[in-house]
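Student:
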Amino acid sequence: MAVGTKDFLWGAASAAFQVEGAWRADGKGLSNWDVWTNDDKVTLPLTGKVETGNVAINAYDRTQYLADIALMQQLGLDCYRFSIAWSRVLPEGTGAVNPAGIAHYQRFCDDLIAAGIEPVVTLFHWDLPQALEEQGGWHRRESVDWYRGYARVVREALGARVSKYITFNEPFIDLMLFRPMIAAIKSGGTVTEAMMARQGLALHHWMMASAMTIGDFRAAGFDGTIGLALPLMPTLNARGTDEDAAAAERADAIINRWCLDAMFKGRYPEAVMRIIGGLDPAFRIAEEDFAVLAANRPDFLGVNFYAPTYVEHDASAPFGFRWHDTNPDPAPQAFNGPVRPEYLTALLERIRDDYGNPPVYITENGAGFGEGDEVFRDGIVADPLRADYIERHVEAALEARARGVDLRGYMVWSLFDNFEWLWGYGRRFGIVHVDFETQKRTPKESFAAYRRLIARGAGGGEAA
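Using the numbering used here, you'd call the opening residue of the sequence shown number 1 and step up by one each time.
#1: Looking only at its own chain, which residues have a Cβ that is under 6 Å from the Cβ of residue 1, when we skip the five neighbours before and after it?
#2: If you draw a straight line from the alpha carbon of residue 361 to that of residue 155, how long is it in whole angstroms?
#3: In whole angstroms, what is the alpha-carbon distance linking residue 341 and residue 348?
#4: Kindly indicate which residue of 314, 124 and 207 has the alpha-carbon position closest to the one of residue 238.
#5: DSSP three-state call for residue 81: helix, strand or coil?
#6: Any idea what DSSP makes of residue 432, helix, strand or coil?
#7: Put residue 30 into one of helix, strand or coil per three-state DSSP.
#8: So residue 345 is in the beta strand (DSSP E); what residue range does that whole segment cover?
#9: Can at least three beta-carbon pairs, one atom from the stretch 8 to 23 and one from the stretch 108 to 126, be found at a separation below 8 Å?
#10: Note down, one range per segment and in chain order, each beta strand (DSSP E) of at least 3 residues found wholly within the stretch 190 to 267.
#11: Could you pull out every unbroken alpha helix (DSSP H) segment of at least 4 residues lying fully inside the stretch 407 to 459, listed in chain order?
#12: Give a yes or no on whether the C-beta atoms belonging to residue 216 and residue 161 are separated by under 8 Å.
#13: Quick check on the burial criterion: 16 or more other C-beta atoms within 10 angstroms. Buried or exposed for residue 274?
#14: Check each candidate in 180, 177, 193 and 172 and name the one with the smallest Cα separation from residue 205.
#15: On the DSSP letters alone, give me the boundaries of the beta strand (DSSP E) that residue 473 sits inside.
#16: With DSSP run on the structure shown, which of helix, strand or coil describes residue 301?
#17: Under 6 Å Cβ to Cβ from residue 401, same chain only, skipping five residues before and after it: list those, please.
#18: Cβ of residue 252 within 8 Å of Cβ of residue 241?
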């Protein structure tokens with residue numbers, strides 16, 4: 001079967017900054033993450049030291065990534081989701097194009113396609129060119145046009161190689177979580193409600209850039225599909241109280257419905273307008289902007305699901321709630337929250353019922369449990385908790401598909417251990433172990449488990 005023609009895609013996902021390395025190779029410009037992580041005055045919260053993506057897992061190097069593509073073939077992947085480093089293509093964010101950066105991504109797509117693997121391209125996964133960051137970044141309305149120009153360069157350069165694009169990855173996590181955390185780390189302070197509220201306008205600019213780029217692609221005759229990947233997590237009442245129930249509703253509006261409503265209803269939830277607008281007078285959205293959102297509905301939704309989150313009322317916390325602080329699982333706990341695959345089924349059914357059953361790809365799903373869960377044995381790394389997590393979540397996703405959810409694919413996070421943002425190299429999510437000193441790859445037990453699931457297929461039953 002030709003690349004891109006299956007009705008259900010099995011894949012894996014990554015992000016440029018987390019895997020590529022080569023931070024100054026071949027004319028690449030600096031990104032905000034390059035600058036933040038190379039600041040020797042800033043230490044990461046998990047490791048307490050400076051760690052960078054300067055080398056990561058060396059995936060920019062063609063010799064290395066060809067070996068990685070061979071592992072993808074061994075696994076049986078239909079597709080590989082990866083992101084473009086904006087500053088590798090446009091070193092200053094706008095203006096002159098870097099031919100070497102363009103050539104790298106063209107060649108990488110060609111190599112994937114030659115191996116029978118469809119490239120799924122994320123245009124933006126958090127690494128903004130530093131030159132644009134210094135001009136005000138996403139707080140500037142001009143950022144919408146900066147992004148549209150960049151997206152046009154990529155679309156024209158990759159041409160028919162790519163039929164699936166994701167405009168942005170996880171607006172809430174980057175803008176409302178990581179950026180305030182980084183600001184607090186650099187200042188030696190704490191994340192405040194005002195810091196988070198100020199990010200509301202930046203999030204609006206992401207949503208406008210996404211919608212207008214979708215319109216640009218369609219106007220240019222793009223013969224493919226384009227969507228947006230959101231971090232979605234059911235918000236649960238932590239203690240069964242009325243206060244926690246109200247806090248969980250507020251959390252749901254901000255974490256989940258803010259972007260979902262924009263994508264599929266063309267407006268933001270009233271709770272978001274009230275909460276963010278009440279804290280930041282600049283957060284005033286013109287009706288013309290809502291009309292743009294409504295007119296440019298995406299072709300699909302990317303769902304990044306790791307866990308539900310238990311929410312507690314806390315008047316001293318931003319927006320009056322705390323989340324991700326409560327994990328009732330016994331040790332070893334997953335880094336990313338309680339292991340509750342049934343909530344993936346429920347989430348997908350909610351999208352079906354509340355948002356018109358759009359085409360959905362699970363664009364990220366995975367877990368990490370710490371070094372105690374990863375033991376070298378007989379040439380592989382035994383990671384039974386991750387293997388069990390993937391098996392149960394695939395089962396939950398396919399159960400939703402059997403119940404009428406328009407689920408078109410599943411992509412594990414992640415194929416390889418990599419640089420996990422503010423947590424550096426201290427947290428591993430890969431189904432392939434990476435020795436960060438030698439770059440040696442070793443498949444884990446979860447790799448074999450996922451290979452069996454792919455061989456079995458979306459219809460279930462035993463593999464032939």
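By construction, the Cβ of each residue, glycine as well, lies at the ideal position given by its N, Cα and C atoms. Quick caveat: nothing in here was measured; it's all calculated off a predicted structure.
Tutor: Short version:
#1: In the sequence shown, counting from the first residue as 1, residue 1 sits at position 1. Note that residue 1 scores 35 on pLDDT, short of 50, meaning its location in the model is unreliable; the coordinates nonetheless yield the value given after this. So the list is empty, once near-sequence residues are dropped.
#2: Within the sequence shown, the letter at position 361 stands for residue 361. Within the sequence shown, the letter at position 155 stands for residue 155. Here the C-alpha atom of residue 361 lies approximately 21 Å from the C-alpha atom of residue 155.
#3: Translated into the one-based positions of the sequence shown, residue 341 becomes position 341. Translated into the one-based positions of the sequence shown, residue 348 becomes position 348. When rounded, the separation of the alpha-carbon atoms in residue 341 and residue 348 is 11 Å.
#4: Taking the first residue of the sequence shown as 1, we reach residue 238 at position 238. The option with the nearest alpha carbon to residue 238 is 314.
#5: Locating residue 81 in the sequence shown gives position 81, counting from the first residue. Three-state result, residue 81: strand.
#6: In the sequence shown, counting from the first residue as 1, residue 432 sits at position 432. Of the three classes helix, strand and coil, the one that applies to residue 432 here is strand, per DSSP.
#7: Against the sequence shown, residue 30 aligns to sequence position 30. Here residue 30 sits in coil by DSSP.
#8: Taking the sequence shown and counting its residues from 1, the one referred to as residue 345 is at position 345. For residue 345, there is no enclosing beta strand (DSSP E); the residue is found in the alpha helix (DSSP H) stretching over 342 to 354.
#9: Contact between the stretch 8 to 23 and the stretch 108 to 126 is present, because at least three Cβ pairs lie under 8 Å.
#10: Within the stretch 190 to 267, the complete beta strand (DSSP E) segments at least 3 residues long are 225 to 231 and 235 to 237, listed from N- to C-terminus.
#11: Correct list: 445 to 456.
#12: Position 216 of the sequence shown, counting from 1, holds the residue named residue 216. Position 161 of the sequence shown, counting from 1, holds the residue named residue 161. The criterion of a C-beta distance shorter than 8 Å is not satisfied by residue 216 and residue 161.
#13: On the sequence shown, residue 274 is found 274 positions in, with the first residue counted as 1. Result: exposed.
#14: Numbered from its first residue, the sequence shown carries residue 205 at position 205. Nearest C-alpha to residue 205: 172.
#15: Residue numbering for the chain in the displayed model covers 1 to 464; residue 473 lies beyond these limits and cannot be assessed.
#16: The sequence position of residue 301 within the sequence shown is 301, counting from 1. Strand.
#17: Here residue 401 refers to the residue found at position 401 when the sequence shown is read from its first residue. Cβ neighbours of residue 401 beyond the five flanking positions: 407.
#18: To locate residue 252, count along the sequence shown from 1; it is residue 252. To locate residue 241, count along the sequence shown from 1; it is residue 241. Taking 8 Å as the Cβ cut-off, residue 252 and residue 241 do not qualify as a contacting pair.
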